[in-house]
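Each remark here refers to the structure printed beneath this line.
Chains as they are written, first to last, in our numbering: chain U, 1 to 333; chain Y, 1001 to 1110.
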C-alpha cells in the first residue's frame, strides 16, 4: 500500500459520511496534482510523494480541520469556568469526605490511627475522582455536538465578567485585632499548660500523683512555655514590622516545629501523662502512646503547627511589596 | 529580530486574510491545488492543510459553490465564489484597505 493510500486512510478514519467520500476524492486529486508537479520538475516520484504528504502534516490534525473538531480538551471559552469550579469543588468535598470517613471508621470500632490513615487514603481517591469527573464533564461539553447548546447556555448563565468579580486584594498587613487575638491565644495556651502541670490526684494512701509525667513536667513544660512565649513575641515583631517578613515567617516555622516535635514524640511515646496517674484513675489508655487521646494529641499538634506555618508563609508571600516598573521615563517631548 | 519571531507574526497576519484571498481568487472557478498555485503566484503563500479544509467550510456556509469536473483524466472539484461570498469579499477588502491606510498613517505620525 502506498504512502498516499495510508495517509488518506488515516485522514478518513476521522471523518464520517457524507463528507468522507467527497473528501477522499478531492484530497486524493490534490495530492496527485502536487506530486505530478514535482515529478514534472524532475523529482523522483517516491521523494515527491513523501515531500507532499509531509507538507500536509499530521493526518489526524488535517481530519480535525475538515470536521472542525477541536484539537484541545477544554477550549478558552470554558477554561475560566473550569479553573474556578474544580479547586472549589475539591476544597468543599475533601474535608467533608475526610470527616465522614473518619466517623465511619471510628463508629465501626476502628482505632484512631487506622481511621486517620483510611481517611487520608480515602480523601486522595475522592479528590482524584472529582478531578477526573469534573474534567470529563467539561471535555464532554467541549466536544460533544449535542452538548454545544448546553455549553453556550452554561457560559451565558455564568454571566458576563464584571469588575465586581475581582477578588479582594489581601495585602498581608497585620491588624491590631489580629495580633491581639494571637496574644490572647498564646496566653490561654500558656495558662492551660500551667494548669495541667499543676493538676494532681490524691490516692487513698494520701499520695499526690501529678497528672503529667515527671520528666515531661520538669523539662518539657518549661521549654514549651518558653516556645509559646517566643511565638507571641514573633507575632508582636511581625505586627511591629507591619507584615510577616520572610525571616519572621521562617522563625515562626522553626518555633512551631519545635513545639510540635516534643508534643508528638511525647504523645506517641506515652511520655506525657503519668502512667501512675492513668492507673489510679483506671484509664490506662490515657497515658499509652497508642491510646486514642495521645494519638489525637499527636495529630492535633501536627495539624495545628502545619496550618500555622503554611498560613504565615502565605501571609508573608502576599505581603511582598509588589514590584512595579512605574518609573517615569522622561521622554524627548 | 529572530526568524521564528517574524514568521509567527506573519502567520498571524496571513491567517486573517486567507479567507479573503480564497474568495477573491475563486471568482474564477478553481480547484484545490490550482488555487494554492494561484495564491502563491499572487504572493500569498498558504498551505494545503489550511486551504483544503477551508474551502469546504466556506462551501458549507454558502460562500462558495462547487462542482465536480470529470472531463479530464483526473476528477477535480471546482469551487466558485457565490454572490454572498463576493459581497463578503468586497466588504473585507474594503476593511483591509482601511487597515492598511490606518497603519500607514500611524507609521507617518512619528
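Backbone N, C-alpha and C define an ideal beta-carbon position, used for all residues, glycine too. For clarity, every value in this text was computed on a predicted model and none was experimentally measured.
Rounded separation between residue i and residue j - CA only
| i | j | result |
| --- | --- | --- |
| residue 1069 (chain Y) | residue 18 (chain U) | 19 Å |
| residue 258 (chain U) | residue 180 (chain U) | 23 Å |
| residue 9 (chain U) | residue 1019 (chain Y) | 28 Å |
| residue 1006 (chain Y) | residue 30 (chain U) | 30 Å |
| residue 336 (chain U) | residue 74 (chain U) | This structure cannot speak to residue 336 (chain U), because chain U is shown only from 1 to 333. |
| residue 245 (chain U) | residue 111 (chain U) | 42 Å |
| residue 218 (chain U) | residue 264 (chain U) | 18 Å |
| residue 1102 (chain Y) | residue 1039 (chain Y) | 25 Å |
| residue 36 (chain U) | residue 90 (chain U) | 58 Å |
| residue 294 (chain U) | residue 288 (chain U) | 7 Å |
| residue 308 (chain U) | residue 253 (chain U) | 8 Å |
| residue 152 (chain U) | residue 144 (chain U) | 13 Å |
| residue 250 (chain U) | residue 185 (chain U) | 20 Å |
| residue 196 (chain U) | residue 221 (chain U) | 10 Å |
| residue 243 (chain U) | residue 311 (chain U) | 13 Å |
| residue 1090 (chain Y) | residue 1071 (chain Y) | 32 Å |
| residue 325 (chain U) | residue 290 (chain U) | Only weak support is given to the placement of residue 325 (chain U): the predicted model assigns it a pLDDT of 49, under 50, and the question is left unresolved by the model. |
| residue 125 (chain U) | residue 260 (chain U) | 28 Å |
| residue 2 (chain U) | residue 1055 (chain Y) | 26 Å |
| residue 168 (chain U) | residue 1009 (chain Y) | 37 Å |
| residue 1021 (chain Y) | residue 159 (chain U) | 37 Å |
| residue 155 (chain U) | residue 133 (chain U) | 19 Å |
| residue 418 (chain U) | residue 194 (chain U) | With chain U represented from 1 up to 333, any question about residue 418 (chain U) goes unanswered, as that position is not in the structure. |
| residue 1112 (chain Y) | residue 1082 (chain Y) | Since the displayed chain Y opens at 1001 and closes at 1110, residue 1112 (chain Y) lies outside it and no answer follows. |
| residue 78 (chain U) | residue 283 (chain U) | 58 Å |
| residue 68 (chain U) | residue 59 (chain U) | 14 Å |
| residue 1026 (chain Y) | residue 1014 (chain Y) | 18 Å |
| residue 241 (chain U) | residue 304 (chain U) | 25 Å |
| residue 314 (chain U) | residue 178 (chain U) | 16 Å |
| residue 1108 (chain Y) | residue 70 (chain U) | 41 Å |
| residue 45 (chain U) | residue 56 (chain U) | 17 Å |
| residue 1092 (chain Y) | residue 40 (chain U) | 37 Å |
| residue 174 (chain U) | residue 1004 (chain Y) | 49 Å |
| residue 334 (chain U) | residue 302 (chain U) | A query on residue 334 (chain U) cannot be resolved here, the shown segment of chain U reaching from 1 to 333 and no further. |
| residue 148 (chain U) | residue 161 (chain U) | 21 Å |
| residue 300 (chain U) | residue 88 (chain U) | 25 Å |
| residue 328 (chain U) | residue 80 (chain U) | With a pLDDT of 49 at residue 328 (chain U), under the threshold of 50, the modelled position of this residue cannot be trusted; read the value that follows with caution. In a straight line, the C-alpha of residue 328 (chain U) is about 35 Å away from that of residue 80 (chain U). |
| residue 199 (chain U) | residue 262 (chain U) | 20 Å |
| residue 188 (chain U) | residue 233 (chain U) | 15 Å |
Three-state secondary structure assigned by DSSP to residue i
| i | result |
| --- | --- |
| residue 1067 (chain Y) | strand |
| residue 211 (chain U) | coil |
| residue 1079 (chain Y) | strand |
| residue 1046 (chain Y) | coil |
| residue 200 (chain U) | strand |
| residue 1033 (chain Y) | helix |
| residue 333 (chain U) | Annotation note: pLDDT 39 at residue 333 (chain U) (below 50); position unreliable, coordinate value reported separately. DSSP places residue 333 (chain U) in coil when its eight states are reduced to three. |
| residue 319 (chain U) | coil |
Beta-carbon proximity check, residue i vs residue j, cutoff 8 Å
| i | j | result |
| --- | --- | --- |
| residue 51 (chain U) | residue 38 (chain U) | yes |
| residue 192 (chain U) | residue 231 (chain U) | no |
| residue 1060 (chain Y) | residue 1079 (chain Y) | no |
| residue 166 (chain U) | residue 131 (chain U) | no |
| residue 1063 (chain Y) | residue 1034 (chain Y) | no |
| residue 298 (chain U) | residue 279 (chain U) | no |
| residue 235 (chain U) | residue 182 (chain U) | yes |
| residue 1088 (chain Y) | residue 1023 (chain Y) | yes |
| residue 1037 (chain Y) | residue 26 (chain U) | no |
| residue 216 (chain U) | residue 285 (chain U) | no |
| residue 238 (chain U) | residue 224 (chain U) | no |
| residue 6 (chain U) | residue 12 (chain U) | no |
| residue 201 (chain U) | residue 277 (chain U) | yes |
| residue 1030 (chain Y) | residue 1051 (chain Y) | no |
| residue 115 (chain U) | residue 106 (chain U) | yes |
Beta-carbon separation (whole angstroms), residue i vs residue j, contact threshold 8 Å
| i | j | result |
| --- | --- | --- |
| residue 65 (chain U) | residue 15 (chain U) | So it is not a contact: roughly 10 Å between Cβ atoms. |
| residue 228 (chain U) | residue 190 (chain U) | 5 Å |
| residue 1074 (chain Y) | residue 43 (chain U) | Actually they do not touch by this definition, with Cβ atoms about 19 Å apart. |
| residue 4 (chain U) | residue 49 (chain U) | 6 Å |
| residue 127 (chain U) | residue 94 (chain U) | 6 Å |
Query raised in the report: Taking contact to mean at least 3 C-beta pairs separated by less than 8 Å, is the stretch 211–224 of chain U in contact with the stretch 258–278 of chain U?
Result: yes
Requested in this report: Could you tell me whether the stretch 70–85 of chain U touches the stretch 128–143 of chain U, using the rule of 3 or more Cβ pairs below 8 Å?
Outcome: yes
Query raised in the report: Between the stretch 118–131 of chain U and the stretch 95–105 of chain U, are three or more C-beta pairs nearer than 8 Å?
Result: yes
Query raised in the report: How do the stretch 1094–1101 of chain Y and the stretch 1042–1057 of chain Y stand: do at least 3 beta-carbon pairs fall below 8 Å, yes or no?
Result: no
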